[in-house]
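Note sheet for the following structure.
2 protein chains.
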Amino acid sequence: MAEGRTELGPRKAAVLHAIVEEYVRSGEPVGSETIAEAAGLGVSSATIRNEMAALEELGFLTHPHTSAGRIPTDAGYRHYVDAQPHGVRLRDAHRRAIAGYFAEAILDLEEVLKGSVQLLSRLTQYAGLAVPPGASEEPIVRVELIDMGPTVMILAVGQHGRVDKRVIDRPGSLDADGVASIGTKLQSLQGLTYLDAQAQLLHLAAEASAIDHDLLLHVAETLRTASQGEGATHVVVGGVSNLTDEAQAWRRQTLRRLVETLEREQEMLRVLQDVTADREDLWVTIGTEHPTTGEWEASIVTAPFRAGEATVGTIGVVGPTRMDYLSAMASVRAVAKRLSEVATEHEA
Amino acid sequence: MAEGRTELGPRKAAVLHAIVEEYVRSGEPVGSETIAEAAGLGVSSATIRNEMAALEELGFLTHPHTSAGRIPTDAGYRHYVDAQPHGVRLRDAHRRAIAGYFAEAILDLEEVLKGSVQLLSRLTQYAGLAVPPGASEEPIVRVELIDMGPTVMILAVGQHGRVDKRVIDRPGSLDADGVASIGTKLQSLQGLTYLDAQAQLLHLAAEASAIDHDLLLHVAETLRTASQGEGATHVVVGGVSNLTDEAQAWRRQTLRRLVETLEREQEMLRVLQDVTADREDLWVTIGTEHPTTGEWEASIVTAPFRAGEATVGTIGVVGPTRMDYLSAMASVRAVAKRLSEVATEHEA
DNA sequence: GCTAGCACTCGAGGCCGGAGAGTGCCAGTA
DNA sequence: TACTGGCACTCTCCGGCCTCGAGTGCTAGC
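Protein chains in written order, with the numbering used here: chain A, 18 to 365; chain B, 18 to 365.
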């Protein structure tokens, strides 16, 4: 796609980009006159019209009816986004807001993510999204069994501050001391990752008495659920109300589908995995480039954040394809950068 | 209000209720002809028209323009709701869905609430809401300090399965053994309620060395935040996408304000506290009866759920004032009943 | 290669008039 | 007195018709 830009020739590109910006700003189809005046190309509207016709031929523009102005296609937005110099500028007010938010040290990564999603949704006026780090590779600090009468709570604490719990029925044959003694065994899991701890637990279970066996398997299952299975990872969402704004002229039906999916974490997670797909850096998915965003007539801007070298999570926004990409990209990039700092610090 | 019904006279009441039901069903203003045919009152449409005019005079009906049918006012809905015999019937399919959901024993109350909210939103096609139990009166099972290197995690576990955590910077002057020894002291909190434990901690802090002092205060603060302050209680929301449905003909602006507030837990909590206000039983708040629901053109149906005798939480739905009140009331009541059973069992 | 000019297209919005739904009222009836 | 049939009236909705204007595509000419 990036070569598509040079193939276009500088003037066509300038016209296309001017149309994208004008359309994003106004929401109205853009006419040749407007571009001739605004874009400062020093040519008449007739020339612009020729360029527009060519751009439409190439699939970058379309128009709702003969006598209307042009609007960008998804390919048009794509060209615009790809043509942006990499260091997109961040509005001062936004820079300050981000700096302000991260200035107060919050020590819980999950909390920071919630706040970041809110922050992004406020800055961009779209909905914010984040995928928190999974647990597989996180070292375990503590696993405890807590005797709660008829039930037992299994509690696991990870090095980076995650806490996973599960309540199970207490095996009838096990008394308080029994629970406590298994609890002591679990001390040995300290330092292992969630993944390794599971293997270790299966070992322990194999050697243990029949009574202990079940409970140990439950613990393994808890760690598995926390780190791998369905529901292990969830998606943090915020600012959905922004999407119901008047200005975001979504059709009711489309909006509904989008909001519905945002409520279904597992589905949303899958979409986010698709659209990030091991990207090293900021990535934009525009409308029909992905079947799901296509159905929503929406675009997603995401960036990974890292702890040290390793990518541990994703943050971004979702909004209409008619999106202020530059601003959204700048905000997401900046927040991801700060989050990486927080996550890296956490790691240490 | 309940007397308002008898004051109306049986036929006026019948006409009013028929209009409410027809309007809720169709969404169109209801004409006298329709009621004369449907309501089985054995009178002509002219008589119905007279009754309608009287009901409008009394403030139970209104009409959008001269030649349109009538629609109920909030007072009209109120009369309708109050006139319902108390044991409202639950549709069979709904009864089965609720029984099915509660058949699988889930041991974590917070999880059950999330599921219940989803369930209610699915059954009613409105948005589900729940306020989980606060912690103030919950006995503490365990409080732990977990040494995580540069930080310390404070972890509190309540009798009913809640887990609260907070991560703080480790006081520079305190080593691992120091943390552990304070941890041992915290064992004495077991069995106290969150509230009592705070007082106890202030005692301990007063007697402790300066180094331990701060940490103990942090623990007290953690318990306080978990049980009382802002953010102690949150609101579980589900099925927001139902509200964006085409059929719910909300104006964009109104919908936006509703969704916005649903995202702000503290604000939503306040509204829910207002509209439940120590009600012993199912309660319906209709449109302008509360300033906030008035602004949304929405109604809220809520019911408390109990653990033993004490009310511990609230569950309900929010939808347009043009709501199927009977169905919503029946569903909310049934779910609240089941939740009470779960919560009571939990308690034991 | 660009531009001025112009014919053409098509949607938006205003106006009209008829159809239809529903009302309010009145005179008549049991 | 309470209800009803009848009827004039009101108002929205909808389709048809028109004009206006924005914007296009094309062509001839610089």
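The C-beta atom is built at its ideal place from N, Cα and C for all residues, glycine as well.
Task: Status (buried if at least 16 other CB within 10 Å, exposed otherwise) for B/Leu162 - done: buried
Task: Paired residues, beta bridge with A/Trp300 - DSSP - done: A/Thr319
- [ ] Please confirm if B/Gln207 has its CB atom under 8 Å from at least one CB of chain A.
- [x] no
TODO: Would you tell me roughly how many angstroms separate the C-alpha atoms of A/Gln204 and A/Thr168, rounded to the nearest one?
DONE: 21 Å
- [ ] Starting from the beta carbon of B/Val257, find every residue of chain A whose beta carbon is closer than 8 Å, and list them in chain order.
- [x] Val257, Val276, Glu280
Task: B/Ile65 (DSSP reduced to helix, strand or coil) - done: helix
- [ ] Using 10 angstroms around the beta-carbon of B/Asn259, count the other beta-carbons present and answer buried if the total reaches 16, otherwise exposed.
- [x] buried
Task: A/Lys182 at chain B interface by Cβ criterion, 8 Å - done: yes
TODO: Report the three-state DSSP secondary structure of A/Ala31 (helix, strand or coil).
DONE: helix
Open item on the list: Once the 5 residues before and after B/Leu107 are set aside, which same chain residues still bring their CB inside 6 Å of it?
Closed with: Ala347, Ala351
- [ ] Select from the region 159-180 of chain B all residues with a C-beta closer than 9 Å to any C-beta belonging to chain A, and list them in chain order.
- [x] Arg159, Glu161, Ile163, Asp164, Met165, Gly166, Pro167, Thr168, Met170, Leu172, Val174, Gln176, His177, Gly178, Val180
Task: Helix, strand or coil at B/Asp229 [DSSP, three-state] - done: helix
- [ ] May I ask which residues mark the beginning and end of the beta strand (DSSP E) holding A/Leu146?
- [x] 144-148
Task: Assigned secondary structure, B/Glu127 (DSSP; H/G/I helix, E/B strand, else coil) - done: helix
Task: Neighbourhood of A/Ser61 by C-beta distance below 7 Å, restricted to the same chain and skipping five residues each side - done: Ala53
Task: Between the CA atoms of A/Glu297 and B/Asp192 - distance to the nearest angstrom - done: 39 Å
- [ ] Spatial neighbours of B/Arg22 within its chain, please: CB distance less than 8 Å, with the 5 preceding and 5 following residues excluded, ordered by chain position.
- [x] Per-residue confidence for B/Arg22 stands at a pLDDT of 44, beneath the threshold of 50, marking its modelled position as unreliable; the derived number appears in the next sentence. Counting only Cβ-Cβ distances below 8 Å, and skipping sequence neighbours, we find Ala30, His96, Asp99, Ala100.
TODO: Can you give me the Cβ contacts of A/Thr90 inside the same chain, cut-off strictly under 8 Å, excluding the 5 residues immediately before and after it?
DONE: Gly76, Phe77, Leu78, Thr79
TODO: Taking only beta-carbon positions, decide if B/Asp262 is within less than 8 Å of chain A.
DONE: yes
Open item on the list: Rounded to whole angstroms, what is the Cα-Cα separation between A/Ala85 and A/Val47?
Closed with: 8 Å
TODO: Scan the region 203-247 of chain A and note each continuous alpha helix (DSSP H) run of 4 residues or more that stays entirely inside, going in chain order.
DONE: 211-224, 227-244
- [ ] Give me the Cα-Cα distance between A/Ile303 and B/Gln215, rounded to the nearest whole angstrom.
- [x] 52 Å
Open item on the list: Shorter than 7 Å, the distance from the beta carbon of B/Ile115 to the closest heavy atom of the ligand FAD, or not?
Closed with: The model on display carries no ligand, and the ligand FAD is accordingly not part of it.
Open item on the list: Please identify the residue among A/Leu25, A/Gln283, A/Ile185 whose C-alpha is closest to the C-alpha of B/Gly178.
Closed with: A/Ile185
Open item on the list: Quick test of your reading: A/Ala173 and A/Thr239, contact by CB under 8 Å. State the CB separation rounded to the nearest angstrom.
Closed with: 6 Å
Open item on the list: Any contact between the region 132-148 of chain B and the region 123-141 of chain A? By contact I mean 3 or more CB pairs, one from each, below 8 Å.
Closed with: no
Task: Extent of the continuous alpha helix (DSSP H) to which A/Val349 belongs - done: 342-364
- [ ] Ignore the nearest five residues each way along the sequence and tell me which others in B/Leu25's own chain have a CB closer than 6 Å to its CB.
- [x] none
- [ ] Decide if A/Thr210 is buried, meaning its Cβ has at least 16 other Cβ atoms within 10 Å, or exposed.
- [x] buried
Task: Euclidean distance between Cα positions of B/Ile199 and B/Arg323 - done: 36 Å
Task: Contact set between B/Asp194 and chain A, taken where Cβ atoms lie within less than 9 Å - done: Correct list: empty, because the minimum Cβ distance to chain A is about 17 Å.
Open item on the list: By the three-class DSSP mapping on this structure, what secondary structure does A/Val174 have?
Closed with: strand
Task: Classification of A/Pro366 by the beta-carbon crowding that lies within 10 angstroms, buried from 16 upward - done: For chain A, the structure presents residues 18 to 365; residue 366 of chain A sits outside this window and is missing.
Task: Neighbour list for A/Leu272 in chain B, Cβ cutoff strictly below 8 Å - done: Thr261
Task: Rounded distance between the beta-carbons of B/Glu364 and B/Gly330, thought under 8 Å - done: No, B/Gly330 and B/Glu364 are not in contact; Cβ-Cβ is about 12 Å, not under 8 Å.
Task: Under 8 Å from the C-beta of B/Asp125: neighbouring residues of chain A - done: Lys182, Arg183, Val184
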